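Here's the structure we're looking at; comments come further down.
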């Protein structure tokens, strides 16, 4: 069943000199409930802009974004968003951060067990009362992920959440994301520049061209879970995508 | 900081590290004992050298004895227990205590003992302490009155400043209408309004509140605006995707996010508020430390002026320390890596 539909979406922003800059051009794709879509492309191709359009943080000049048939016009709790740097509120503890959306929604009677569940799942036990600057980058990202997922969104948008992490921490956060996706069946859209990450996590991979960003191809990932990064099939798919990303 | 330590361990280590960062001078038997000896010397000097001026040295001698006992106690404590806050503290300040002891001896000799710096404009510390003890009731009342006046005015000024700052920082419309006025009116020194406020306000007390609050309002509002505008847009966007209402964004993002800058404004305002407190009390009041100084000047008793100054030094330092504690508490979430 089609859950997310993007039709003829274009977006033009202004560059530093006030000149119009075409970021996205004629984007069309659909995603079904429970899918894991990765958007991959060279930097500046409008991946993040596309994700912002889906969340409602930004609106397109042309075309529209619909979720379950409803047009997206503003951010909503049903579409979670994890930023590149997590953007945990530095003045709140890890636990306060994770429960902040629930508190906004339900007041003091929020689901504390759900928060505890994700604190444990994310390996944050013992750090509930730490402030974001006191924990590692990986932990902060897992907390940011938990903060969004406790809202039980229909759609979780991930904006390069592992981009600033080192290789070990990155694999660790990828594992957590995969686990959450399998457990909750939440539709996820991940923006990344890491081909391995896209193959490891997603069911479909959208390859974008350099600016103005257009969809070059949508590759369906045939690999079964659990995926092995060193298997031949994985390597083959990696090569295929690598070739498609060679623009110059 | 290792990410592998849990929160409890982390807190304990942090406390220990903060202690050695704050009181960085190592414990030294020599300097601690020197401090005790110097204070003892100051006492012996004060008793044995005859005074040229008319003074009751008893309160000063009691002060020195209490000081001596305090230093002896901390030295023995630190020597026995070898760790903890008191040892770190007294060890760190032992050299300063020595210099203070020398200063006490020198000023005592220069003033009351040999009259090189003579009355009425220069008085010994002993005479100041004597003055404080004889005037203690009036001084206490003045101190209480000044403290209450300061507290009320500062809170009023800071609250108005914070509210204006938050609104101007967050809402463009509000900023458009209010900021030009803030810039022009706020820059006027509060003292310039004094002749007018004395006539406009029905009571001098209200005019004093106005003047002090006015001095506080501007820096607090100005720094709060900057603080709000400096908050990263990612926090606002996160809040929106988490379903925060505008009210909640104000309470959970705008206020805490602007607090660091707000506190800079508050500390700037602190100094200005003390100035305005003294000036406004000198002009219109019939009570308070500023009034006391003005009255003492009128009757030509400069020892009283010194007495009030000493009390102000203690009072304002205390207010400063308490404000600092507030800041440390409210900004406990901030990374402290500037050592």
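Residue numbers (my numbering), protein chains in the order written: chain A, 300 to 547; chain B, 5 to 343.
Where a beta carbon is used, it is the ideal one built from N, C-alpha and C, also for glycine.
Model, not experiment: these values are computed from the prediction.
Does the beta-carbon of residue 135 of chain B have 16 or more other beta-carbons within 10 angstroms, so that it is buried, or is it exposed? Residue mapping note: residue 135 of chain B aligns to position 131 of the second chain, counting from 1. The residue is buried, with at least 16 neighbouring Cβ atoms inside 10 Å.
Could one say the Cβ of residue 352 of chain A lies closer than 8 Å to chain B's Cβ atoms, at least one of them? Walking along the first chain from the start, residue 352 of chain A turns up at place 53. With 8 Å as the cut-off, residue 352 of chain A does not count as an interface residue toward chain B.
Could you name the residues of the same chain whose beta carbon sits closer than 8 Å to that of residue 276 of chain B, not counting the 5 residues immediately before and after it, in chain order? The residue labelled residue 276 of chain B in the question sits at position 272 within the second chain. So the qualifying residues of the chain are 194, 219, 220, 223.
Just verifying my parser: in three-state terms, what is the DSSP assignment at residue 325 of chain B? Taking the second chain and counting its residues from 1, the one referred to as residue 325 of chain B is at position 321. Helix.
In this structure, how does DSSP classify residue 529 of chain A when only helix, strand and coil are distinguished? Indexing the first chain from 1 puts residue 529 of chain A at position 230. The answer is coil: DSSP assigns residue 529 of chain A none of H, G, I, E or B.
Are the CB atoms of residue 305 of chain A and residue 338 of chain A nearer to each other than 8 Å? Stepping through the first chain from its first residue, residue 305 of chain A is reached at position 6. Stepping through the first chain from its first residue, residue 338 of chain A is reached at position 39. No, they are not a contact pair.
With distances taken between CB atoms, is the gap from residue 396 of chain A to residue 387 of chain A smaller than 8 Å? Start at 1 with the first residue of the first chain, and residue 396 of chain A comes out as number 97. Start at 1 with the first residue of the first chain, and residue 387 of chain A comes out as number 88. Result yes, Cβ atoms of residue 396 of chain A and residue 387 of chain A sit closer than 8 Å.
Interface residues of the segment 385-400 of chain A facing chain B [CB-CB below 7 Å]: 386, 388, 389, 390, 399, 400
Which same chain residues, not among the five before or five after residue 5 of chain B, have their C-beta less than 6 Å away from its C-beta? Counting from one through the second chain, the residue named residue 5 of chain B turns up at place 1. Residue confidence is low: residue 5 of chain B scores 41 on pLDDT, short of 50, so the model does not pin down where it sits. No coordinate-derived value is stated.
Measuring alpha carbon to alpha carbon, tell me which of B:97, B:57, B:147 ends up nearest residue 129 of chain B. Counted from its first residue, the second chain places residue 129 of chain B at position 125. Considering only alpha carbons, the answer is B:57.
Quick check on the burial criterion: 16 or more other C-beta atoms within 10 angstroms. Buried or exposed for residue 3 of chain B? Outside the shown range of chain B (5 to 343) lies residue 3 of chain B, about which nothing can therefore be said.
On a CA-only basis, which of B:330, B:187, B:234 is nearest residue 261 of chain B? Give me that one, please. Position 257 of the second chain holds residue 261 of chain B. Selected option, being the one with the closest Cα: B:234.
Measuring straight from C-alpha to C-alpha, what distance separates residue 327 of chain B and residue 79 of chain B? Sequence index remark: in the second chain, residue 327 of chain B carries index 323 (1-based). Sequence index remark: in the second chain, residue 79 of chain B carries index 75 (1-based). Approximately 30 Å between the Cα atoms of the pair.
Within-8 Å CB hit, residue 450 of chain A to chain B: Start at 1 with the first residue of the first chain, and residue 450 of chain A comes out as number 151. Chain B contact via Cβ: present.
With 8 Å as the threshold, decide whether the Cβ of residue 255 of chain B is near any Cβ in chain A. What you label residue 255 of chain B is simply residue 251 of the second chain in a count that begins at 1. No, residue 255 of chain B does not count as interfacial toward chain A.
If the cut is a Cβ gap below 7 Å, which residues of chain B does residue 382 of chain A touch? For the purposes of this step, residue 382 of chain A is taken as residue 83 along the first chain, with counting starting at 1. Under the 7 Å cutoff, chain B gives 238, 242.
Cα separation between residue 181 of chain B and residue 350 of chain A? If you number the second chain from 1, residue 181 of chain B lands on position 177. If you number the first chain from 1, residue 350 of chain A lands on position 51. Near 36 Å, if we compare the C-alpha coordinates of residue 350 of chain A and residue 181 of chain B.
I'd like to know whether the C-beta of residue 403 of chain A is nearer than 8 Å to at least one C-beta of chain B. Sequence index remark: in the first chain, residue 403 of chain A carries index 104 (1-based). So, interface residue.
Endpoints, alpha helix (DSSP H) assigned at residue 162 of chain B: Within the second chain, numbered from 1, the residue matching residue 162 of chain B stands at position 158. Segment 140-174, the alpha helix (DSSP H) holding residue 162 of chain B.
Below 8 Å on the Cβ atoms is my contact criterion, and I expect residue 519 of chain A with residue 503 of chain A to pass it. Report the Cβ-Cβ distance as a whole number of Å. Working through the first chain from its first residue, we reach residue 519 of chain A at position 220. Working through the first chain from its first residue, we reach residue 503 of chain A at position 204. Their Cβ separation, rounded to whole angstroms, is 5 Å, which keeps residue 519 of chain A and residue 503 of chain A in contact under 8 Å.
Excluding the five sequence neighbours on either side, which residues of its own chain have a C-beta within less than 6 Å of the C-beta of residue 434 of chain A, listed in chain order? In the first chain, residue 434 of chain A corresponds to position 135, counting from 1. Counting only Cβ-Cβ distances below 6 Å, and skipping sequence neighbours, we find 426.
With 8 Å as the threshold, decide whether the Cβ of residue 248 of chain B is near any Cβ in chain A. Taking the second chain and counting its residues from 1, the one referred to as residue 248 of chain B is at position 244. Chain A contact via Cβ: present.
Should residue 16 of chain B go down as buried or exposed, given a rule of 16 or more other Cβ atoms within 10 Å for buried? Position 12 of the second chain, counting from 1, holds the residue named residue 16 of chain B. The residue in question, residue 16 of chain B, is exposed, as its Cβ has fewer than 16 Cβ neighbours within 10 Å.
Once you ignore the five residues that flank residue 248 of chain B on each side, which residues in its own chain have a CB closer than 7 Å to its CB? The residue you call residue 248 of chain B lines up with position 244 of the second chain. Closer than 7 Å at Cβ, skipping near neighbours: 256.
Have a look at residue 227 of chain B and residue 251 of chain B and give me their C-alpha separation to the nearest angstrom. Taking the first residue of the second chain as position 1, residue 227 of chain B is located at position 223. Taking the first residue of the second chain as position 1, residue 251 of chain B is located at position 247. So the two alpha carbons sit approximately 21 Å from each other.
Going along chain B, which residues have a C-beta under 9 Å from residue 526 of chain A? Taking the first residue of the first chain as 1, we reach residue 526 of chain A at position 227. The contacting residues do not exist; residue 526 of chain A stays about 28 Å from chain B at best.
Could one say the Cβ of residue 409 of chain A lies closer than 8 Å to chain B's Cβ atoms, at least one of them? Residue numbering aside, residue 409 of chain A sits at position 110 when the first chain is read from its first letter. No, because no Cβ of chain B sits closer than 8 Å to the Cβ of residue 409 of chain A.
Going by the beta-carbon positions, is the gap between residue 75 of chain B and residue 50 of chain B smaller than 8 Å? For the purposes of this step, residue 75 of chain B is taken as the residue at position 71 of the second chain. For the purposes of this step, residue 50 of chain B is taken as the residue at position 46 of the second chain. Not a contact, by the Cβ cut-off of 8 Å.
Evaluate contact between the segment 509-516 of chain A and the segment 524-532 of chain A, counting only Cβ atoms and requiring at least three cross-stretch pairs below 8 Å. no
Of the listed residues B:121, B:201, B:127, B:179, nearest to residue 216 of chain B (C-alpha basis): Position 212 of the second chain, counted from the first residue, corresponds to residue 216 of chain B. If we check each option's Cα against that of residue 216 of chain B, B:201 comes out closest.
Figure out for me which residue from B:190, B:110, B:340 has the closest Cα to the Cα of residue 42 of chain B. Position 38 of the second chain, counted from the start, is the residue given in the question as residue 42 of chain B. Selected option, being the one with the closest Cα: B:110.
Cα-Cα, which of A:412, A:499, A:508 is closest to residue 534 of chain A? Locating residue 534 of chain A in the first chain gives position 235, counting from the first residue. That would be A:499, whose Cα lies nearest to the Cα of residue 534 of chain A.
To the nearest angstrom, report how far apart residue 491 of chain A and residue 462 of chain A are at their CA atoms. As a working note, residue 491 of chain A is residue 192 in the first chain. As a working note, residue 462 of chain A is residue 163 in the first chain. Approximately 7 Å between the Cα atoms of the pair.
Nonlocal neighbours in the same chain, by C-beta distance under 7 Å from residue 292 of chain B, ignoring five residues either side: Walking along the second chain from the start, residue 292 of chain B turns up at place 288. Counting only Cβ-Cβ distances below 7 Å, and skipping sequence neighbours, we find 146, 149, 150, 153, 285.
From the DSSP output, in three-state form, read off residue 199 of chain B for me. Indexing the second chain from 1 puts residue 199 of chain B at position 195. Reduced to three states, the DSSP call for residue 199 of chain B is helix.
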